[in-house]
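Asks: Below you will find the structure I want to go over with you.
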Amino acid sequence: MSVQKTALAASLVAATLQASVAFGAEKIIRIDGSSTVFPVTEAVAEEFQKAKRGEIKVTVGISGTGGGFKKFCRGETDISNASRPILEAEMKACAEGGIKYIELPVAFDALTVVVNPKNDWANEMTVAELKKMWEPDAQGKITNWNQVSPRFPDRPLKLAGPGADSGTFDYFTEAVVGKAKSSRGDYLASEDDNVLVQFVSADVGALGYFGMAYYLENKNRLKAVKIKKDEASPAIEPSVETVNKGVYVPLSRPIFIYVNADAAEKRPEVREFVEFYLKNGGKLAKEVGYVDLPATAYELAMKNFKARKLGTAFGGKPEVGVTVEELLKREGKL
4 MSVQKTALAA SLVAATLQAS VAFGAEKIIR IDGSSTVFPV TEAVAEEFQK
54 AKRGEIKVTV GISGTGGGFK KFCRGETDIS NASRPILEAE MKACAEGGIK
104 YIELPVAFDA LTVVVNPKND WANEMTVAEL KKMWEPDAQG KITNWNQVSP
154 RFPDRPLKLA GPGADSGTFD YFTEAVVGKA KSSRGDYLAS EDDNVLVQFV
204 SADVGALGYF GMAYYLENKN RLKAVKIKKD EASPAIEPSV ETVNKGVYVP
254 LSRPIFIYVN ADAAEKRPEV REFVEFYLKN GGKLAKEVGY VDLPATAYEL
304 AMKNFKARKL GTAFGGKPEV GVTVEELLKR EGKL
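Have a look at this one:
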């Protein structure tokens, strides 16, 4: 074979391989973000891949809500899992990257405050007591349980919680301290909720917080603290029932997926996956320890997705206590 023919053959093989790789890439849906949303999205991804019989691959990573948005706004993922709404800085990053998105709530979560099972004094706590533990002024000062309340014993207080890239961190600080990302820094911080479970289960004086699903998975190793909105309010345990009734406040919240609008428009497999998510996500959310949205909310979310309704209902600032139906009816902001 001549050198020219050899070169031509090689270039044809290379072109075929490139086309094959490109085609293969179109059949992979890349998702990353919140560790809280991960169990729901993973369950949906597994069922979707079974239904598609291997024709479409879905990868789901965990880098925290903030880490997920960084990848999403760089165009590295098709969908971003988020346990809180997109923030102003992330909206700006997406705009600069030319990324438009569709915001879809997919379930409710109940942030769960947990202690060691041998802790027999903190069966219930007020939001004010949690604030006293976690506010920035507590750093280096509130290091003992009896400093939080005289009803607690003279015992070292050890804290664990999500890191600053976590949407759970943002929501908890907004709901408890009154300002998102406002927290003491001297605690064990991790984006891996299993690390937090291990820490609290190993120390009688430890307290931590994360999504309800991780508590339910580890009920034999942890104890959930009942939360009182204030001194006059009843102590409420996190559960599907208390979230549905709207009485587990202020620590219940919607969780989201953000879909790259361009990917949804141009790639049928992304559209199929999101529609599958909205049709089956409620049932699967319940199976992995979350609370499904009202049926009307999924219907509204599907309507918004099919209409390619762009942007966020929040405008870059977190809100506590807003209903999902209200969010879905708001105008979106990019």
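With my numbering as the guide, the letters of the sequence shown map in order to residues 4 to 337. Glycine included, each C-beta is placed from N, C-alpha and C at the ideal position. Note that this is a predicted model, so its numbers are computed, not measured.
1) How about M215 and A310: do their beta carbons lie closer than 8 Å?
2) Measuring CA to CA, which of E132, G211 and P42 is closest to K289?
3) Run through DSSP, which three-state label would Y261 get?
4) Around the Cβ of A25, are there at least 16 other Cβ atoms within 10 angstroms (buried) or fewer (exposed)?
5) Could you tell me the alpha carbon to alpha carbon distance between E93 and C76, rounded to whole angstroms?
6) Can you tell me whether P153 is buried or exposed? The criterion is at least 16 other CB atoms within 10 Å of its CB, across all chains shown.
7) When DSSP labels each residue in this structure, what does F111 get in the three-state scheme?
8) From G100 to D233, what does the alpha carbon distance come to, in whole angstroms?
9) Going residue by residue through the segment 99 to 173, where are the continuous alpha helix (DSSP H) segments of at least 4 residues, counting only ones entirely within it?
10) With a CB to CB cut of under 7 Å and the five nearest residues on each side skipped, what residues in its chain are close to F51?
11) For a quick check, are the C-beta atoms of G211 and P159 less than 8 Å apart?
12) From G27 to D81, what does the alpha carbon distance come to, in whole angstroms?
13) Hey, F213 and P165: beta-carbon distance below 8 Å or not?
14) Roughly how many angstroms lie between the CA atoms of S242 and A98, to the nearest whole one?
15) Could you give the C-beta distance for I239 and V250, rounded to a whole number, given that I count them as a contact under 8 Å?
16) Who are the Cβ neighbours of G319 in its own chain at under 6 Å, not counting the five residues just before and after it?
17) Leaving out the 5 sequence neighbours to the left and right, which residues in its chain are closer than 6 Å to A316 when beta-carbon positions are compared?
18) Would M305 and L337 qualify as a contact pair, given that the criterion is a beta-carbon distance under 8 Å?
19) Going by alpha carbons, who is nearest to P88 out of G78, F72 and A96?
20) If you draw a straight line from the alpha carbon of A192 to that of L199, how long is it in whole angstroms?
21) Quick check: the segment 134 to 146 against the segment 221 to 231, are there 3 or more CB pairs under 8 Å?
22) Can you give the Cα-Cα distance for L254 and V117, rounded to whole angstroms?
Replies: Reading from the atomic positions:
1) As a first step, residue 215 is located in the sequence shown; it is residue number 212 there, counting from the start. As a first step, residue 310 is located in the sequence shown; it is residue number 307 there, counting from the start. Result no, Cβ atoms of M215 and A310 do not sit closer than 8 Å.
2) Here residue 289 refers to the residue found at position 286 when the sequence shown is read from its first residue. Looking from the CA of K289, the closest CA among E132, G211 and P42 belongs to P42.
3) The residue you call residue 261 lines up with position 258 of the sequence shown. Of the three classes helix, strand and coil, the one that applies to Y261 here is strand, per DSSP.
4) Mapped onto the sequence shown, residue 25 falls at position 22. In this predicted model, A25 has a pLDDT of only 43, less than 50, meaning its place in the structure is not dependable; the value taken from the coordinates is given anyway. Per the 10 Å Cβ criterion, exposed.
5) The sequence position of residue 93 within the sequence shown is 90, counting from 1. The sequence position of residue 76 within the sequence shown is 73, counting from 1. Spanning the two alpha carbons is a distance of roughly 7 Å.
6) In the sequence shown, the residue the question calls residue 153 occupies position 150. Classification for P153: exposed.
7) Residue 111 sits at position 108 when you count from the first residue of the sequence shown. F111 falls in the strand class under three-state DSSP.
8) Taking the first residue of the sequence shown as position 1, residue 100 is located at position 97. Taking the first residue of the sequence shown as position 1, residue 233 is located at position 230. Straight-line Cα distance between these residues: approximately 44 Å.
9) List check, alpha helix (DSSP H) in window: 130 to 137 and 148 to 151.
10) Counting from 1 along the sequence shown, the entry for residue 51 is found at position 48. Counting only Cβ-Cβ distances below 7 Å, and skipping sequence neighbours, we find V61, F276 and F279.
11) Within the sequence shown, residue 211 is the residue found at index 208, counting from 1. Within the sequence shown, residue 159 is the residue found at index 156, counting from 1. Taking the C-beta atoms as reference points, P159 is found no nearer than 8 Å to G211.
12) As a position in the sequence shown, residue 27 is number 24, starting the count at 1. As a position in the sequence shown, residue 81 is number 78, starting the count at 1. Here the model assigns G27 a pLDDT of 44, short of 50, so the residue's position is not dependable and the matter cannot be decided.
13) Start at 1 with the first residue of the sequence shown, and residue 213 comes out as number 210. Start at 1 with the first residue of the sequence shown, and residue 165 comes out as number 162. Yes, the Cβ-Cβ distance between F213 and P165 is below 8 Å.
14) Looking up residue 242 in the sequence shown gives position 239. Looking up residue 98 in the sequence shown gives position 95. In this structure, the CA atom of S242 is about 38 Å from the CA atom of A98.
15) Taking the first residue of the sequence shown as position 1, residue 239 is located at position 236. Taking the first residue of the sequence shown as position 1, residue 250 is located at position 247. A Cβ-Cβ separation of about 5 Å places I239 in contact with V250 under the 8 Å criterion.
16) Sequence index remark: in the sequence shown, residue 319 carries index 316 (1-based). Same-chain partners within the cutoff: L90, E91 and M94.
17) Against the sequence shown, residue 316 aligns to sequence position 313. If we look at A316 and ignore the five residues flanking it on each side, its Cβ neighbours are L330 and R333.
18) For the purposes of this step, residue 305 is identified with residue 302 of the sequence shown, where counting begins at 1. For the purposes of this step, residue 337 is identified with residue 334 of the sequence shown, where counting begins at 1. Not closer than 8 Å, so no.
19) Indexing the sequence shown from 1 puts residue 88 at position 85. Selected option, being the one with the closest Cα: F72.
20) As a position in the sequence shown, residue 192 is number 189, starting the count at 1. As a position in the sequence shown, residue 199 is number 196, starting the count at 1. In a straight line, the C-alpha of A192 is about 8 Å away from that of L199.
21) Here the segment 134 to 146 makes no contact with the segment 221 to 231; the two share fewer than three CB pairs at distances below 8 Å.
22) Residue numbering aside, residue 254 sits at position 251 when the sequence shown is read from its first letter. Residue numbering aside, residue 117 sits at position 114 when the sequence shown is read from its first letter. L254 and V117: Cα-Cα distance of roughly 13 Å.
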